[in-house]
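So the sequence shown is numbered by the numbering used here: it starts at 4 and just counts up by one.
Every residue gets a Cβ at the ideal spot worked out from N, C-alpha and C, and that includes glycine.
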Amino acid sequence: ETERAEAVERYAEEERQRTVTERAERRIAQLQALGQEPPRGPDVTTVAVRMPDGRRIARRFQKAAALREVRLWVESSSSADASMVAFELRSNYPRLVASANNEALSVEAAGLHPNAALFVCEEEDCGWEREIRDSM
4 ETERAEAVER
14 YAEEERQRTV
24 TERAERRIAQ
34 LQALGQEPPR
44 GPDVTTVAVR
54 MPDGRRIARR
64 FQKAAALREV
74 RLWVESSSSA
84 DASMVAFELR
94 SNYPRLVASA
104 NNEALSVEAA
114 GLHPNAALFV
124 CEEEDCGWER
134 EIRDSM
């Protein structure tokens, strides 16, 4: 029984390590896909994001960039042990929820140009708002 328990424990640890490695590789690929950060200019938006762990990250995007790019950047900037699979980016003003549902919208069309301050809301923490909205 002890050997079996140790084997199960080893397997679980190997799976956890494999998952962490896969996430790290995916983050590197996402960052590479984003390309170079554009220099400041009239067609460039600066986006600052408060991460779930309290860190603040910032990057510039072309105002025509899709919210999908911002979401990919946030996901790739999350800590290695965070899954960041289901999350929303929110701003207080202008009121915006950037999720998988509207990620084709441009940064400018979303009202975030020339500057945006967003925060990450992982969906398990955001659900209460959706439940209230759906019950109305």
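Counted within 10 angstroms of its Cβ, other Cβ atoms place residue 11 as buried (16 or more) or exposed
exposed
At the level of alpha carbons, what is the spacing between residue 68 and residue 80?
18 Å
State buried or exposed for residue 32, treating a residue as buried only when at least 16 other CB atoms are found within 10 Å of its CB.
exposed
Residues bridged to residue 118 by DSSP?
49
Contacts around residue 70, its chain only, beta-carbon distance under 8 Å, and the 5 residues preceding and following it disregarded
92, 101, 105, 106, 107, 108, 109, 110, 113
Pick from 122, 118, 22: whose alpha carbon is nearest that of residue 49?
118
Between which two residues does the alpha helix (DSSP H) containing residue 3 stretch?
For residue 3 there is no data in the structure shown, the boundaries of the chain being 4 and 139.
Note down the Cα distance separating residue 43 from residue 60, rounded to an integer number of angstroms.
17 Å
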